[in-house]
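Undergrad: My structure is below; once you've seen it, I'll send some questions.
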Amino acid sequence: MGWKTVETLIVLLVAAVALAVFTWSALGFEELESVKGGKGYVSDEVWYVGSARTILVKVFGLEPRMPGDSYGYTVVYSGQVDYGVLESLAARYGLRLRVDYSDLKAFYVSGSREGLTGFLSEARRYVEVGDVIPGWMMPDHSGINNYLNQEHPPLGKYIIAFTMYVLGDRPFYWRIPLIVLGASTTILLYLSLRRLTGSTIAALAASLLFTADPLVRTLFSIALLDGFVAFTSTLAFYLAVERRHGLAVAASLVGGLFKFTGLFTLIPLLVLYLRQGLRRRPSPYMLVYTLTAFTLLSGLLFLTVLAAVSLPLINYMGLGNWVKYSLLGSITWHTSIKCNGPCPGSSAPWDWFLGVNAFTVYVDPTVAAIGFYPLWSTVLVASIVLAPLVFRDKRYGLQWVFLTGVLAGYVAVWLAGGRSQYSFYSVQLAPFVYGGLVYTAAYALRRENLAYLAGFYRRVSALTVWLLTR
1 MGWKTVETLI VLLVAAVALA VFTWSALGFE ELESVKGGKG YVSDEVWYVG
51 SARTILVKVF GLEPRMPGDS YGYTVVYSGQ VDYGVLESLA ARYGLRLRVD
101 YSDLKAFYVS GSREGLTGFL SEARRYVEVG DVIPGWMMPD HSGINNYLNQ
151 EHPPLGKYII AFTMYVLGDR PFYWRIPLIV LGASTTILLY LSLRRLTGST
201 IAALAASLLF TADPLVRTLF SIALLDGFVA FTSTLAFYLA VERRHGLAVA
251 ASLVGGLFKF TGLFTLIPLL VLYLRQGLRR RPSPYMLVYT LTAFTLLSGL
301 LFLTVLAAVS LPLINYMGLG NWVKYSLLGS ITWHTSIKCN GPCPGSSAPW
351 DWFLGVNAFT VYVDPTVAAI GFYPLWSTVL VASIVLAPLV FRDKRYGLQW
401 VFLTGVLAGY VAVWLAGGRS QYSFYSVQLA PFVYGGLVYT AAYALRRENL
451 AYLAGFYRRV SALTVWLLTR
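Per full-length UniProt numbering, residue 1 is the first one in the sequence shown, and the count goes up by one each step.
See the structure below:
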């Protein structure tokens, strides 16, 4: 058996372990909700999955596929309703009825399609029906039947909606794209570290630590947009490792189509382009030219692609409303405090490394969106103390600039007023945390690098003393 075959088997093993871990976690959440009689949603799935279903039904004019021969409708009504009449009507048609809605004036009825058709036809005599959403039961939030999640780009919702249409509309199916992308992210991290270090052991250690992280395990087992962003960010990193910077920019732009934070990987890529330009021509002109050209070209390209991807929404809601709510409105939303009164726990970006102010993803049992914070805090401290190594070790510098560049994006939003940030956003940083951790432990702390750091800090100390004693 050749070494390439062994490497292929290792990659397949890494993928299989990640798939098993994320699948087990996703099924666990589905089982918890089933046992408790819940509606199946975990955390912000209520917004992303709910809007994906609304987009599928109202924007694309399609119905979700329901598993087996069971169909369901969330019926939104106005006025008053006699649930006793509805229950007897549902029993006559052999249907199941759920009336446990409080914020949304609705009920959910499920069973055979023929029975549902007859039920709805007759129920309209007793209920002022305002809307009917086919598929799995909608979340219990007022106006959710018209909510399109316009503060975020639509690509993630399209993928979730596509899964509903092709595979079926049930909690585990919503999560399949994230499970697959989670395994793909793990593979990309392995390949990146393998290329940077030349060590299978180091690459395997980084990928397994990443998979075992509780934040990663949770975010790649539920249908939140941040898992998509973590994948595209890792893809951009891998392409940068392979020196395919143009494709890395493309991956970053695609990440922005899921959530605007996906664009944060453009920050380290800008640094790489600036470095290349200044090496060719070290002048202020080249600095300004590269900075301006990169910003304008990537910005225009992103807006063009975003508009193209959003064409179904533009056709549905009108160009003016799309610009108002999906572009201008989203900027205001991201740079403001999004929640007043009783709110989920928000955090500053540095809190994610310290294990404080974690977002609660699930209540019973408690599941918090936080990583192995002793390791995360170690990486944060190391990124500060070992920062001078970026001038000596290019491989360390590449990992460092991706970690600090993406983190800088979140800090910039926080400084701009976006204080309602949540710890589950940090899954985008997780690949860089564990890649940086393993590389630092195995390679960055070599004797020659430590000697370089000691000399650097001696010079800094001497300069500081000289400045203070002048």
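Where is the CB? At the ideal position from N, CA and C, for every residue including glycine.
(1) Measuring straight from C-alpha to C-alpha, what distance separates Ala20 and Arg125?
(2) Which of helix, strand or coil does DSSP assign to Thr335?
(3) Under 8 Å Cβ to Cβ from Arg96, same chain only, skipping five residues before and after it: list those, please.
(4) When you compare the CB positions of Leu225 and Tyr48, do they come within less than 8 Å of one another, or not?
(5) Unbroken alpha helix (DSSP H) runs of length 4 or more, entirely within the UniProt domain "Glycosyltransferase RgtA/B/C/D-like" (152-293): which are they?
(6) DSSP state of residue 471, grouped into three classes?
(7) So, are the CB atoms of residue 494 and Ala161 less than 8 Å apart?
(8) From which residue to which residue does the beta strand (DSSP E) around Val129 run?
(9) Counting C-beta neighbours from all protein chains within 10 Å, is the total for Lys394 16 or more, i.e. buried, or is it exposed?
(10) Would you mind sorting Ala462 into buried or exposed? The rule is 16 or more other CB atoms within 10 Å of its CB.
(11) Can you tell me the Cβ-Cβ gap for residue 500 and Ser233, rounded? I've got them flagged as a contact below 8 Å.
(12) Rounded to whole angstroms, what's the CA-CA distance from Leu415 to Trp400? Just pull it up for me.
(13) My output table needs one value for Thr469: the three-state DSSP class, helix, strand or coil.
(14) So, helix, strand or coil for Phe402, using DSSP?
(15) What number of angstroms, rounded off, separates the C-alpha of Thr292 from the C-alpha of Leu445?
(16) Can you list, in chain order, the residues of its chain with a C-beta nearer than 6 Å to that of Gly40? Leave out the 5 residues immediately preceding and following it.
(17) Output the residue ranges of the alpha helix (DSSP H) runs that lie fully inside the stretch 1-73 and measure 4 residues or longer, sorted by chain position.
(18) Bridge partners for Ala369 per DSSP, in chain order?
(19) Between which two residues does the beta strand (DSSP E) holding Phe107 run?
(20) Quick check on this structure: which residue in Thr163, Val249, Val229 has the alpha carbon closest to the alpha carbon of Gly135?
(21) Return yes when the Cβ of Phe353 is within less than 8 Å of the Cβ of Tyr422, no when it is not.
(22) Roughly how many whole angstroms lie between the Cα atoms of Gly182 and Ala240?
(23) Judging by CA-CA distance, which residue of Leu453, Asn449, Val460, Val438 is the nearest neighbour of Thr197?
(24) Can you tell me where the alpha helix (DSSP H) with Arg92 in it begins and where it stops?
(25) Take Lys259 and list the residues in its own chain whose beta-carbon comes closer than 8 Å to its own, dropping the five residues that flank it on each side.
(26) Leaving aside the five residues before and after Phe203 along the sequence, list all residues of the same chain whose C-beta is less than 6 Å from its C-beta, in chain order.
(27) Report the residue from Ala451, Ala369, Tyr452 whose alpha carbon sits nearest the alpha carbon of Val42.
(28) Between which two residues does the alpha helix (DSSP H) holding Leu313 run?
(29) Leaving out five residues before and five after Phe22 in sequence, what residues of the same chain have Cβ atoms less than 6 Å from its Cβ?
(30) Given this structure, state the Cα-to-Cα distance separating Leu247 from Ala236, to the nearest angstrom.
(31) So Val59 and Tyr410 are supposed to be a Cβ contact under 8 Å. How far apart are they, rounded?
(32) What's the call for Pro284, buried or exposed, on a 16-neighbour Cβ count within 10 Å?
(33) So, with DSSP's three-state summary, where would you put Val381?
(34) Could you name the residues of the same chain whose beta carbon sits closer than 8 Å to that of Thr265, not counting the 5 residues immediately before and after it, in chain order?
(35) Just the Cα atoms here: how many angstroms apart are Val323 and His334?
(36) Measuring CB to CB, does Val433 end up less than 8 Å from Trp376?
TA: Checking against the coordinates, here is how it stands:
(1) Near 50 Å, if we compare the C-alpha coordinates of Arg125 and Ala20.
(2) Coil.
(3) Within the same chain, Arg96 has close Cβ partners Ala90, Val109, Ser110, Gly111.
(4) yes
(5) Counting whole runs of 4 or more residues, the UniProt domain "Glycosyltransferase RgtA/B/C/D-like" (152-293) contains the alpha helix (DSSP H) stretches 155-166, 171-197, 200-212, 214-219, 225-241, 245-256, 266-280.
(6) A question about residue 471 goes unanswered here, because the residues of the chain that appear run from 1 up to 470.
(7) With the chain represented from 1 up to 470, any question about residue 494 goes unanswered, as that position is not in the structure.
(8) 128-134
(9) exposed
(10) Under this definition Ala462 is an exposed residue.
(11) Residue 500 lies beyond the residue range present for the chain, which begins at 1 and ends at 470; the question has no answer from this structure.
(12) 22 Å
(13) Residue state, collapsed to three classes: coil.
(14) helix
(15) Counting only the Cα atoms, Leu445 lies some 37 Å from Thr292.
(16) The beta carbon of Gly40 sits closer than 6 Å to those of Glu33, Pro171, all from its chain and outside the five residues before and after it, given in chain order.
(17) 3-36, 45-54
(18) Phe359
(19) Where Phe107 is concerned, the enclosing beta strand (DSSP E) stretches over 106-111.
(20) Of the candidates Thr163, Val249, Val229, Thr163 places its Cα closest to the Cα of Gly135.
(21) No. Outside cutoff.
(22) Near 20 Å, if we compare the C-alpha coordinates of Ala240 and Gly182.
(23) Val438
(24) 83-92
(25) His152, Pro153, Gly156, Leu225, Asp226, Phe228, Val229
(26) It should be pointed out that residue 203 corresponds to Ala in this sequence rather than to Phe. Only Tyr190, Leu193, Arg194 meet the Cβ criterion.
(27) Proximity to Val42 across Ala451, Ala369, Tyr452 peaks at Ala369, based on C-alpha coordinates.
(28) 311-317
(29) Ile179, Gly182, Phe220, Ser221
(30) 7 Å
(31) Not a contact, Cβ separation roughly 31 Å.
(32) Looking at its Cβ environment, which holds fewer than 16 other Cβ atoms inside 10 Å, Pro284 is exposed.
(33) helix
(34) Thr232, Ser233, Ala236, Phe237, Ala248, Ala251, Ser252, Gly255, Phe402, Gly405, Val406
(35) Taking the Cα positions, Val323 is about 15 Å away from His334.
(36) yes
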